[in-house]
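Residue numbers (this note's numbering): 174 to 407.
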């Protein structure tokens, strides 16, 4: 039986780090367009929705081809955790469609370089490997390796992680960082265990060049440049 996959794109209106970031221009289109476009081109997502509290974002998302579900203000505050937002959307989508989904995939708009190929590859892997209950997209860390990081106490540098003596960069233990592109899990992980990352998550490794995640204005400028360049190369 074909598995039912629910895609969720969260986009609240009150972002603080980058004001109105979900509808800011990136590569000549609203940022949220790129997540919607990737979801629309997926061959494995059954249904997907944008969850938002904002009427302008709702209109922009609809123009890009997405269905939206408005969330209550209580689920759109600065410190609202992601889990209840996803649970709310899942419950609403299941009521609307009269189904129970098997898997839920979160696609954050702030990671615009995710493609439908990334989405379908991750879903296909999890469907074929039942020993994993979830999947998270990551990229390999190089210059920002923990062995080169410090805490600071009254301007005194304190090593965060003890770097092996004489170790070359290429000899360091490989470390991976979540890039925000894909979080995929069995429905039970989200709805019953109140988690997005289960007890046995799979590392879906992406390139660093595919892993721009927008947290500030500098990130937005970088994403705009890369997505504009990507569009011009097509």
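Virtual Cβ for every residue (Gly too), placed ideally from N, Cα, C.
- Message: Just verifying my parser: in three-state terms, what is the DSSP assignment at residue 199?
- Response: Here the question's residue 199 lines up with position 26 in the chain shown. Residue 199 falls in the strand class under three-state DSSP.
- In angstroms with no decimal places, state the Cα-to-Cα distance between residue 345 and residue 332. As a position in the chain shown, residue 345 is number 172, starting the count at 1. As a position in the chain shown, residue 332 is number 159, starting the count at 1. The alpha-carbon atoms of residue 345 and residue 332 are separated by roughly 15 Å.
- Query: Which of helix, strand or coil does DSSP assign to residue 366?
  - Reply: Working through the chain shown from its first residue, we reach residue 366 at position 193. Three-state result, residue 366: coil.
- Query: Three-state secondary structure (DSSP) at residue 220?
  - Reply: Here residue 220 refers to the residue found at position 47 of the chain shown. Strand, per DSSP.
- Query: Do residue 211 and residue 310 have their C-beta atoms closer together than 7 Å?
  - Reply: Here the question's residue 211 lines up with position 38 in the chain shown. Here the question's residue 310 lines up with position 137 in the chain shown. Not in contact: residue 211 and residue 310 (Cβ atoms no closer than 7 Å).
- Message: Contact between the stretch 311-324 and the stretch 234-250 is defined here as three or more beta-carbon pairs at a separation below 8 Å; is this criterion met?
- Response: no
- Task: State the Cα-Cα distance for the pair residue 251 and residue 189, rounded to the nearest angstrom.
- Result: Here residue 251 refers to the residue found at position 78 when the chain shown is read from its first residue. Here residue 189 refers to the residue found at position 16 when the chain shown is read from its first residue. Their backbone Cα atoms lie some 8 Å apart in a straight line.
- Item | For residue 263, the nearest candidate out of 386, 395 and 182 (CA to CA) | If you number the chain shown from 1, residue 263 lands on position 90. Comparing Cα-Cα distances from residue 263 to each of 386, 395 and 182, the minimum goes to 182.
- Check the C-beta distance from residue 385 over to residue 399 and give it rounded, since I have them as a contact under 8 Å. Your numbering for residue 385 matches position 212 in the chain shown. Your numbering for residue 399 matches position 226 in the chain shown. About 6 Å; that satisfies the 8 Å criterion.
- Task: Would you tell me roughly how many angstroms separate the C-alpha atoms of residue 280 and residue 302, rounded to the nearest one?
- Result: Looking up residue 280 in the chain shown gives position 107. Looking up residue 302 in the chain shown gives position 129. Cα to Cα, residue 280 sits roughly 21 Å from residue 302.
- Task: Tell me whether residue 310 sits in a helix, a strand or coil according to DSSP, three-state version.
- Result: Position 137 of the chain shown holds residue 310. Residue 310: strand per DSSP, three-state reduction.
- Excluding five sequence neighbours on each side, which residues of the same chain lie with their C-beta closer than 6 Å to the C-beta of residue 206? Residue 206 sits at position 33 when you count from the first residue of the chain shown. Same-chain partners within the cutoff: 237.
- Task: For residue 257, count neighbouring C-beta atoms within 10 Å of its own C-beta (all shown protein chains included) and say buried if the count is 16 or more, exposed if not.
- Result: In the chain shown, residue 257 corresponds to position 84, counting from 1. Exposed is the call here.
- Where residue 350 falls, given that 16 or more other Cβ within 10 Å makes a residue buried: Looking up residue 350 in the chain shown gives position 177. Burial call: exposed.
- Query: Out of 220, 381, 199 and 352, which has the shortest C-alpha to C-alpha gap to residue 177?
  - Reply: Numbered from its first residue, the chain shown carries residue 177 at position 4. Looking at 220, 381, 199 and 352, the one whose alpha-carbon comes closest to that of residue 177 is 220.
- Task: Run the CB neighbour count on residue 382, radius 10 Å, all protein chains shown included, and call it buried at 16 or more, exposed below.
- Result: In the chain shown, the residue the question calls residue 382 occupies position 209. Exposed, since its Cβ has fewer than 16 Cβ neighbours within 10 Å.
- In angstroms with no decimal places, state the Cα-to-Cα distance between residue 215 and residue 208. Start at 1 with the first residue of the chain shown, and residue 215 comes out as number 42. Start at 1 with the first residue of the chain shown, and residue 208 comes out as number 35. Each residue's Cα considered, the two are about 11 Å apart.
- Using DSSP bridges, identify the partner residues of residue 319. Stepping through the chain shown from its first residue, residue 319 is reached at position 146. DSSP output for residue 319 lists no bridge partner at all.
- By DSSP, does residue 270 sit in helix, in strand, or in coil? Numbered from its first residue, the chain shown carries residue 270 at position 97. If DSSP states are grouped into helix, strand and coil, residue 270 belongs with the helices.
- Message: Which runs of the beta strand (DSSP E) at least 3 residues long sit entirely within the stretch 356-402? Give them in chain order.
- Response: 374-378
- Message: Let me see if you follow: with CB-CB separation under 7 Å, is residue 293 close to chain D or not?
- Response: Looking for chain D here will not work: only one protein chain is present.
- Task: Please report the Cβ distance between residue 192 and residue 230, rounded to the nearest whole angstrom; I am assuming they are in contact, meaning their Cβ atoms lie under 8 Å.
- Result: Taking the chain shown and counting its residues from 1, the one referred to as residue 192 is at position 19. Taking the chain shown and counting its residues from 1, the one referred to as residue 230 is at position 57. The Cβ separation is near 13 Å, so there is no contact.
- Message: Can you give me the C-alpha to C-alpha distance between residue 233 and residue 203, rounded to a whole angstrom?
- Response: Counting from 1 along the chain shown, the entry for residue 233 is found at position 60. Counting from 1 along the chain shown, the entry for residue 203 is found at position 30. So the alpha carbons of these two residues sit roughly 8 Å apart.
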